[in-house]
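Take a look at the structure below.
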Amino acid sequence: MYRPALPIVVASEDYVWRSALAAMLGMDGETVVTARDYRRASLSDGLRAHSVLVVDADQLRCAPEARRELLQEHGWQGRIILISANHEPALGDAQSEDVAIIPRSGGTQAIRHQIREWLSVPDQD
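First residue of the sequence shown? That's 1359 in the numbering used here, and the numbers climb one at a time after it.
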């Protein structure tokens, strides 16, 4: 049976969207932690070092090229899914092996697909 390899932290001020994504990922068997803000003190250092972070670009109030450094300053070392409202270059140049940029219009399914790809789990849709 498939076991999730990494916890997923969903950080968004939009509680409806955050809850919907957490519910969908939870139904897939993922371990999901939700927070309004990626800087929340209750998110442990271990969690920050070994999780997938799904975060709204709007929370990263700095220039796109400074976003990766900002997240690292707050302890985020794992893979990042950045939800972008307007297709801007979200983390410096753009996507990499450990960073995915997904427009909010792509919906929760695009996020789910990216996580499953990283965890090498085939989509079952």
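Each residue gets a CB set at the ideal place from its N, CA and C atoms; glycine is no exception. Please read these numbers as outputs of a predicted model, since none were measured by experiment.
From the options, residue whose alpha carbon lies closest to that of residue i
i, options, result
"residue 1413", "1387, 1426 and 1385", "1426"
"residue 1372", "1431, 1386 and 1441", "1441"
"residue 1457", "1436, 1464, 1417 and 1431", "1436"
"residue 1472", "1411, 1400 and 1402", "1411"
Beta-carbon gap between residue i and residue j smaller than 8 Å
i, j, result
"residue 1390", "residue 1405", "no"
"residue 1438", "residue 1379", "no"
Three-way DSSP call (helix, strand, coil) for residue i in this model
i, result
"residue 1422", "helix"
"residue 1392", "strand"
"residue 1372", "coil"
"residue 1386", "coil"
Alpha-carbon spacing of residue i relative to residue j, whole angstroms
i, j, result
"residue 1429", "residue 1422", "12 Å"
"residue 1443", "residue 1419", "14 Å"
"residue 1451", "residue 1459", "The predicted position of residue 1451 is uncertain, since its pLDDT is 46 and thus under 50; no value can be drawn from it."
"residue 1433", "residue 1475", "24 Å"
"residue 1386", "residue 1408", "19 Å"
With 16 other Cβ atoms within 10 Å as the buried cut-off, status of residue i
i, result
"residue 1462", "buried"
"residue 1467", "exposed"
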